[in-house]
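Peer 1: Structure provided below as structure tokens; questions to follow.
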Amino acid sequence: MIDQATINRIMDAAQIYDVVSDFVTLRKRGVNYVGLCPFHDDKTPSFSVSPAKNLCKCFACGKGGTPVHFIMEHEQLSYPDALRYLAKKYGIEIKERELSDEEKTAQNERESLFVVNQFANDYFRHTLRQTEEGRNVGMAYFRSRGFRDDIIEKFQLGYCTESHDAFAKEALAKGYKREYLVKTGLCYETDDHRLRDRFWGRVIFPVHTLSGKVVAFGGRVLAAATKGVKVKYVNSPESEIYHKSNELYGIYQAKQAIVKQDRCYMVEGYTDVISMHQSGIENVVASSGTALTTQQIKMIHRFTNNMTVLYDGDAAGIKASLRGIDMLLEEGMNVKVCLLPDGDDPDSFARKHNSTEMRAFLDRHETDFIRFKTNLLMEDAAGDPIKRAELISNIVQSISVIPEAIVRDVYIKECAQLLHVEDRLLVSEVAKRREKQAEQRAEQRERERRRQAAQAETTATSQPSAPGELPPPPVPMDEPAEATPADYTSFIPQEGKEEQAFYQYELQIIQMIVRYGERVMCNVTDEEGNEHPLTVTEYVVEDLRQDDLAFHNPLHRQILTEAAEHLTQPGFVAERYFIAHPDPAVSQLSAELISDRYQLSKYHSKGQKIVTDEERLYELVPLLVTNFKYAIVSEELKHLMRALQDPAIAHDEAQCNAIMQRYSDLRTVQSLMAKRLGDRVVLHL
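Numbering (my numbering), first residue to last: 699 to 1383.
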């Protein structure tokens, strides 16, 4: 883990103009710079870069943030990898925290496996270009497939010689450990303990992670002696760093194009991806002959909601993959299918056409998956009532997993016309399937709840109340630093309440903490008559503590807790601390909150200067906290009223009386808060 001091040095060194201008042409506009947004198809410059704030922002798609956030989004890197990218750019040495012995062992082994894979990748590439056998055999094969030199270099293709142990001998001679050569799957041991190359006599296709690390290899057999074998490809076995279900071939080379085009094409094999890239279609990945997995779908979903699956017209292969496409629908993806002409696969078709022709064909022939599946299965069901019933059941299952109700309704109407059945029949069947799916999810949640409850009982931590029960009182907070404990439980869900007044006040209070947390907003007098400065963070912590309240959003709780913990540290500046926070969720939210988009207000009277938020913290912060409390109490009163309407509670005298007492107490609190607000103007959000 990168230590905070190093993160701070990186954040100080990384200038947003320098970072963004590596990828975007910028021109000056006032004190800022503007350019075409790299994250969507921008026609007019909507991407703004502010050197003064060291932030960027697209006012069309909303993406942006600090230099780290820009690199994370543009290069699709994790937060630590983005920091390492910037550290390398600015020549900053990365210092990471001391790891435990177990962490060191695990990390060292993983890093060793990656190092060995990188050596192998360099070896295979060198063999392809610099050896006679590589040029005569490996390069000749790639030339026969029509691959250009720039494409061979782009995908880092290589070759392993006919010798059964040439690579193993070279690796051992260079000092690489035998155990890592075996663990990566590059080599295997024979019964007599000799080391042999797994990929001998094959051209090599390296598999990269999102960040570009070589995680595995695929090797295609070439020698005439092995022609006719059933398995032409040999792939790396699963290892500590490689899990086939988590990887997609070509994702490293395609990620930026997928974001730019807002669509991903899915093909089957290595050469399909490479040929399409060469034809100008770069937003393409391959499942490498395996069925799609949830992990792969989620990886694609990070970049786009739109997927087009390319088929070569083999009906058997298409039907075998239908289940995988149902998984795409379940994840909320918009799925289309495109059938290539008979006798063509994506590789051969791409080699015959240029980029313009390819895109025109895909746009003209891609079909919505549900319609495609219906038409495909109807061919088998023609004239057979049993098969027709199975077809309807199959289509209903696909429609039922789609999360969007409007999309389901559209498909139901269209399929009803295609299948010549009544809408209500499909509606009824879809409803039954969704009800069953909901029951299964509820059972799964209940099992998870019981597991967490058992764990909580062991660790003495609280758990959320069950529906209909009186929510537990908030956790008491004796010290300011514990203002927002991690295990705080609220009856208000974290998501889905963003439009409620209390959530908006909560967000604006956190904005005050991030922007001005260490600033003194007023002086207070203690019991001995001595005056002490009171910071924004201290005020918020103490005011919430008095009413046993905490923020409902865990991220907000974390920010307030850390602000209170670091407040006494010399030189602590909340904005600087949170913008460089090691948790990317915290740093991203902080970047959003310090931008003008979330500016609370600036007002002035005629003939007077503009008064900023910072100049009236003593007024804004108490007003925000009071309004937040008032909104929370109002929300809980509604919750209690709904609980009292539950027949199970109404017939439980003890629980009913407890809720009524709680309701009465909160009404009193609400009345006192209303008096405290008095004639103040409630902030309009």
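Cβ atoms here follow ideal geometry from the backbone N, Cα and C, with glycine treated the same way.
Can you give me the Cβ contacts of Ser973 inside the same chain, cut-off strictly under 6 Å, excluding the 5 residues immediately before and after it?
Peer 2: Walking along the sequence shown from the start, residue 973 turns up at place 275. Asp1045, Ala1048, Arg1049.
Peer 1: Please confirm if the region 869-889 is in contact with the region 816-835, defined as three or more CB-CB distances below 8 Å between the two stretches.
Peer 2: yes
Peer 1: Kindly indicate which three-state DSSP category Thr888 falls into: helix, strand or coil?
Peer 2: Mapped onto the sequence shown, residue 888 falls at position 190. The answer is coil: DSSP assigns Thr888 none of H, G, I, E or B.
Peer 1: I'd like to check one pair, Tyr940 with His906: are the Cβ atoms closer than 9 Å?
Peer 2: Residue numbering aside, residue 906 sits at position 208 when the sequence shown is read from its first letter. Residue numbering aside, residue 940 sits at position 242 when the sequence shown is read from its first letter. Not a contact, by the Cβ cut-off of 9 Å.
Peer 1: Please report the residue range of the beta strand (DSSP E) in which Met964 lies.
Peer 2: The sequence position of residue 964 within the sequence shown is 266, counting from 1. That run of the beta strand (DSSP E) goes 962-965.
Peer 1: Per the contact definition of three or more C-beta pairs closer than 8 Å, is the region 1254-1270 in contact with the region 730-737?
Peer 2: No: fewer than three Cβ pairs fall under 8 Å.
Peer 1: Please list the terminal residues of the continuous beta strand (DSSP E) segment that includes His1230.
Peer 2: Numbered from its first residue, the sequence shown carries residue 1230 at position 532. Looking at the DSSP string, the run of the beta strand (DSSP E) that includes His1230 is 1229-1233.
Peer 1: Can you tell me which of Glu1333, Lys1130, Val1238 puts its alpha carbon nearest to the alpha carbon of Leu1386?
Peer 2: Within the shown structure, residues of the chain are numbered from 699 to 1383, placing residue 1386 beyond reach of any answer.
Peer 1: If you draw a straight line from the C-alpha of Gln1343 to the C-alpha of Gln1095, how long is it?
Peer 2: For the purposes of this step, residue 1343 is taken as residue 645 along the sequence shown, with counting starting at 1. For the purposes of this step, residue 1095 is taken as residue 397 along the sequence shown, with counting starting at 1. Near 36 Å, if we compare the C-alpha coordinates of Gln1095 and Gln1343.
Peer 1: So, are the CB atoms of Pro1282 and Ser776 less than 9 Å apart?
Peer 2: Position 584 of the sequence shown, counted from the start, is the residue given in the question as residue 1282. Position 78 of the sequence shown, counted from the start, is the residue given in the question as residue 776. Closer than 9 Å, so yes.
Peer 1: If you run the structure through DSSP and keep just helix, strand and coil, what is Pro1345?
Peer 2: Taking the first residue of the sequence shown as 1, we reach residue 1345 at position 647. Pro1345 falls in the helix class under three-state DSSP.
Peer 1: With Lys755 as the anchor, note down where its beta strand (DSSP E) starts and where it stops.
Peer 2: Against the sequence shown, residue 755 aligns to sequence position 57. Unbroken beta strand (DSSP E) run through Lys755: 753-756.
Peer 1: Contact between the region 1267-1274 and the region 1205-1223: three or more CB pairs below 8 Å?
Peer 2: yes
Peer 1: Taking only runs of the beta strand (DSSP E) that begin and end inside the region 809-864, which ones reach a length of at least 3 residues, in chain order?
Peer 2: 856-858
Peer 1: What is the rounded straight-line gap between the Cα of Asn1355 and the Cα of Leu1364?
Peer 2: By 1-based counting over the sequence shown, the position of residue 1355 is 657. By 1-based counting over the sequence shown, the position of residue 1364 is 666. In this structure, the CA atom of Asn1355 is about 14 Å from the CA atom of Leu1364.
Peer 1: Between the beta-carbon of Gln976 and the beta-carbon of Glu945, is there less than 9 Å?
Peer 2: The residue you call residue 976 lines up with position 278 of the sequence shown. The residue you call residue 945 lines up with position 247 of the sequence shown. No.
Peer 1: Is Ile1357 closer than 9 Å to Leu1247 when the C-beta atoms are compared?
Peer 2: Working through the sequence shown from its first residue, we reach residue 1247 at position 549. Working through the sequence shown from its first residue, we reach residue 1357 at position 659. Contact annotation: Leu1247 and Ile1357 have beta-carbon atoms that are not nearer than 9 Å.
Peer 1: Give me the residue from Pro1101, Leu1074, His1250, Asn1004 with the minimum Cα distance to Leu1092.
Peer 2: Taking the sequence shown and counting its residues from 1, the one referred to as residue 1092 is at position 394. In the sequence on display, residue 1092 carries Asn and not Leu. The shortest Cα separation from Asn1092 among Pro1101, Leu1074, His1250, Asn1004 belongs to Leu1074.
Peer 1: With 9 Å as the threshold, decide whether the Cβ of Gln1353 is near any Cβ in chain B.
Peer 2: Absent here is chain B; the protein component of the structure consists of one chain.
Peer 1: If you compare alpha carbons, which of Phe737, Ser746, Ile790 is closest to Ile708?
Peer 2: Stepping through the sequence shown from its first residue, residue 708 is reached at position 10. Measuring from the Cα of Ile708, the nearest candidate turns out to be Ile790.
Peer 1: Does the region 851-861 touch the region 897-906, meaning 3 or more C-beta pairs lie closer than 8 Å?
Peer 2: Touching, yes.
Peer 1: Could you give the DSSP three-state label for His906: helix, strand or coil?
Peer 2: Taking the first residue of the sequence shown as 1, we reach residue 906 at position 208. Three-state DSSP puts His906 in a strand.
Peer 1: Flag this pair as yes or no: are the beta carbons of Met1025 and Met964 separated by less than 9 Å?
Peer 2: For the purposes of this step, residue 1025 is taken as residue 327 along the sequence shown, with counting starting at 1. For the purposes of this step, residue 964 is taken as residue 266 along the sequence shown, with counting starting at 1. Not a contact, by the Cβ cut-off of 9 Å.
Peer 1: Please name the residue or residues paired with Val912 in a DSSP beta bridge.
Peer 2: As a working mapping, residue 912 is identified with position 214 in the sequence shown. Beta-bridge pairing links Val912 to His906.
Peer 1: Expressed to the nearest angstrom, what Euclidean distance is found between the alpha-carbon atoms of Pro1280 and Tyr1328?
Peer 2: Translated into positions along the sequence shown, residue 1280 becomes position 582. Translated into positions along the sequence shown, residue 1328 becomes position 630. One C-alpha to the other measures close to 34 Å.
Peer 1: Helix, strand or coil: which one does DSSP assign to Met770?
Peer 2: Position 72 of the sequence shown, counted from the start, is the residue given in the question as residue 770. Residue state, collapsed to three classes: helix.
Peer 1: According to DSSP, is Lys726 part of a helix, a strand, or is it coil?
Peer 2: The count along the sequence shown starts at 1 and reaches residue 726 at position 28. Correct three-state label for Lys726: strand.
Peer 1: Just confirm the distance between the C-beta atoms of Thr1072 and Leu1116, as a whole number of angstroms; I'd bet it's less than 8 Å.
Peer 2: Along the sequence shown, one-based indexing puts residue 1072 at 374. Along the sequence shown, one-based indexing puts residue 1116 at 418. So it is a contact: roughly 5 Å between Cβ atoms.
Peer 1: Counting along the chain, where does the alpha helix (DSSP H) carrying Asn1092 start and finish?
Peer 2: By one-based count along the sequence shown, residue 1092 stands at place 394. For Asn1092, the enclosing alpha helix (DSSP H) covers residues 1083-1098.
Peer 1: What would DSSP say about Tyr1201, mapped onto helix, strand or coil?
Peer 2: For this step, residue 1201 is matched to residue 503 along the sequence shown. DSSP, read as helix, strand or coil, puts Tyr1201 in helix.
Peer 1: Output needed for Lys1085: all residues of its chain with C-beta closer than 7 Å, excluding positions within five of it in sequence on either side, in chain order.
Peer 2: One-based indexing of the sequence shown puts residue 1085 at position 387. Once the five neighbours on either side are set aside, the close Cβ partners of Lys1085 are Asp1078, Ala1079.
Peer 1: How would you label His772, buried or exposed, when you count the other beta carbons within 10 angstroms and need 16 or more for buried?
Peer 2: Indexing the sequence shown from 1 puts residue 772 at position 74. By the neighbour-count rule (16 or more Cβ atoms within 10 Å), His772 is buried.
Peer 1: Is Cys756 near His767, with beta carbons less than 9 Å apart?
Peer 2: On the sequence shown, residue 756 is found 58 positions in, with the first residue counted as 1. On the sequence shown, residue 767 is found 69 positions in, with the first residue counted as 1. Contact annotation: Cys756 and His767 have beta-carbon atoms that are not nearer than 9 Å.
Peer 1: In the structure shown, what three-state DSSP assignment does Val1035 receive?
Peer 2: The residue given as residue 1035 occupies position 337 in the sequence shown. Reduced to three states, the DSSP call for Val1035 is strand.
Peer 1: So what does Asn933 bridge to, in DSSP terms?
Peer 2: The count along the sequence shown starts at 1 and reaches residue 933 at position 235. DSSP output for Asn933 lists Gly916 as bridge partner(s).
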